[in-house]
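Letter by letter, the sequence shown follows residues 503 to 651 in my numbering.
Every residue gets a Cβ at the ideal spot worked out from N, C-alpha and C, and that includes glycine.
What follows is a single structure, written as structure tokens, with notes after it.
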Amino acid sequence: MLICGTGRLAPYFAWAYAAIRPIERVIVWGRDAAKAANAAERIVHGDEYQRLPSERQFSVSIVTDIEQGIQVADIISCVTGSLEPLILGEQVKPGTHVDLVGNHHRQHRECDSELVLRSRVYVDSRINVLAEAGELLIPIAEQIFSPDR
Numbered sequence: 503m504l505i506c507g508t509g510r511l512a513p514y515f516a517w518a519y520a521a522i523r524p525i526e527r528v529i530v531w532g533r534d535a536a537k538a539a540n541a542a543e544r545i546v547h548g549d550e551y552q553r554l555p556s557e558r559q560f561s562v563s564i565v566t567d568i569e570q571g572i573q574v575a576d577i578i579s580c581v582t583g584s585l586e587p588l589i590l591g592e593q594v595k596p597g598t599h600v601d602l603v604g605n606h607h608r609q610h611r612e613c614d615s616e617l618v619l620r621s622r623v624y625v626d627s628r629i630n631v632l633a634e635a636g637e638l639l640i641p642i643a644e645q646i647f648s649p650d651r
């Protein structure tokens, strides 16, 4: 599993997926290596809200090159406020689960249009997504993706 982002949500995505999937390895990427190391530490040890059992089922490491993480991940969770695509469709191997939860701006996006076109797209709220998710609104504006998909 690759987690892109180092904020408060990063550990919770690792713990949530590990609760339902046999996660063996969590890789953390962030623009700031110190923040990525801190996020990895929070995943390992928990935080003030979540205390973890001493026995973990997965290893945790950081990666400084996002493409390296993308190439090995079976699950990618992007929890950033990125202005530009971080996850490129050409880098994601077929069958990879990608969730994009950090962006809430019409002009910003965490993935490129190619990834959207190659994917089955599921949303939590059609109304919200079509109002604020650049990941879909930009390909719609480019007339290469339809809200009906």
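- Residue state for Ile646 is assigned as coil, using DSSP reduced to three classes.
- Excluding the 5 residues flanking it on each side, Ser563 has same chain C-beta neighbours closer than 6 Å at Ile529, in chain order.
- Around the C-beta of Val625, fewer than 16 other C-beta atoms lie within 10 Å, and the residue is accordingly described as exposed.
- In the DSSP assignment, Ile578 is bridged to Leu504 and Val600.
- In this structure, the straight-line span from the alpha carbon of Ser584 to that of Ala536 is close to 18 Å.
- An exposed status is given to Ala518, since fewer than 16 other beta-carbon atoms sit within 10 Å of its beta-carbon.
- In this structure, the straight-line span from the alpha carbon of Leu632 to that of His599 is close to 21 Å.
- If the five residues before and after Leu511 are omitted, its C-beta is found closer than 6 Å to the C-beta atoms of Val581, all from its own chain and listed in chain order.
- Arg527 has its alpha-carbon roughly 25 Å from the corresponding atom of Asp614.
- In terms of CA proximity to Ala539, Cys506 leads the group Glu644, Leu588, Cys506 and Asp650.
- For Ile529, the enclosing beta strand (DSSP E) begins and ends at Arg527 to Trp531.
- DSSP places Ser621 in the coil class of the three-state scheme, outside both helix and strand.
- Taking the C-beta atoms as reference points, Arg611 is found no nearer than 8 Å to Gly591.
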